[in-house]
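Trainee: Input: one structure, supplied below.
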Amino acid sequence: ATPPVPPMRITFDARMEPSGPVLTRRMSDLRGLFADTAAWEAALAEDPVVYEVASSPVPEAEGELPQSITTIHPGRVGGEFHMTKGHIHPRPRGEIYLGLSGVGGLLLFDGDKPQWIPMEPGTIGYIPPGWAHRSVNTGDEPYRFLAVYPGDAGHDYDWVLRNGMGYRVLSGADGPLLRPF
Ligand code: 6PG
Ligand code: NI
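Position in the sequence shown (first residue = 1) + 5 = my numbering.
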């Protein structure tokens, strides 16, 4: 079992201090997620970093509350905004997001009806147990948010590949456009 960590003070910035693992997701890691496959393939030439996830040293173990800060860099693939892979927590657990900088949204899907929560600095987005979630940068600057979740929640990415997220989030003339999947 993962040993418990002592009480700690974590600095609230892009990288977190003290920091745990930092994950980098490039375009090539997002296979099968964007609708426009040709545009996704063209973007592989440069293979840009789409988002980064910096975690605190709090372990993913029962009873703990690990946190992470995600930064989604601005951009589009065939009109669809840069986004995270998206996942569902296989153990039904809630999760809290707090918008830190930039603008974006939290797309939620329970397999039936999708929900869209616009996010800006100071917005708390609540993800109830049993809802898959994906984050989208709908602006022109990095969109950054804090996530806090129960350490025994787990992460299932295949669920989203199988079921989608209900909506695709495209760049429209008057802001983000939600198109049924
Ligand atoms: C979590 C959070 C969050 C998420 C990142 C990256 O459960 O850990 O929802 O930290 O993992 O924003 O998104 P993906 O995990 O979907 O790539
Ligand atoms: Ni999550």
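By construction, the Cβ of each residue, glycine as well, lies at the ideal position given by its N, Cα and C atoms. All values reported here derive from a predicted model rather than from experimental measurement.
Which residues in the same chain as P123 place their Cβ atom closer than 6 Å to its Cβ, once the five residues preceding and following it in sequence are excluded?
Mentor: Within the sequence shown, residue 123 is the residue found at index 118, counting from 1. For P123, where only same-chain residues beyond five positions count, the Cβ hits under 6 Å are G110.
Trainee: In whole angstroms, what is the alpha-carbon distance linking Q72 and A47?
Mentor: As a first step, residue 72 must be located in the sequence shown, where it is residue number 67. As a first step, residue 47 must be located in the sequence shown, where it is residue number 42. When rounded, the distance between both Cα atoms is 34 Å.
Trainee: So is the beta-carbon of Y172 under 7 Å away from any non-hydrogen atom of the ligand 6PG?
Mentor: In the sequence shown, residue 172 corresponds to position 167, counting from 1. No; taking the cut-off as 7 Å, the Cβ of Y172 has no heavy atom of the ligand 6PG nearer than that.
Trainee: Considering only the beta carbon of each residue, do H78 and V58 sit closer than 8 Å?
Mentor: Here residue 78 is taken as the residue at index 73 of the sequence shown, counted from 1. Here residue 58 is taken as the residue at index 53 of the sequence shown, counted from 1. Not a contact, by the Cβ cut-off of 8 Å.
Trainee: Is DSSP giving W121 helix, strand or coil here?
Mentor: The residue labelled residue 121 in the question sits at position 116 within the sequence shown. Here W121 sits in strand by DSSP.
Trainee: Leaving out five residues before and five after G91 in sequence, what residues of the same chain have Cβ atoms less than 7 Å from its Cβ?
Mentor: Reading the sequence shown from its first residue, position 86 is the one you call residue 91. The residues are A137, H138, R139, V165, M170.
Trainee: Could you name each continuous beta strand (DSSP E) segment of 3 residues or more that falls completely within the region 81-155, going from the start of the chain to the end?
Mentor: 100-106, 109-114, 119-124, 129-132, 137-142, 148-153, all fully within the region 81-155.
Trainee: Quick check on D161: does DSSP put it in helix, strand or coil?
Mentor: What you label residue 161 is simply residue 156 of the sequence shown in a count that begins at 1. Of the three classes helix, strand and coil, the one that applies to D161 here is strand, per DSSP.
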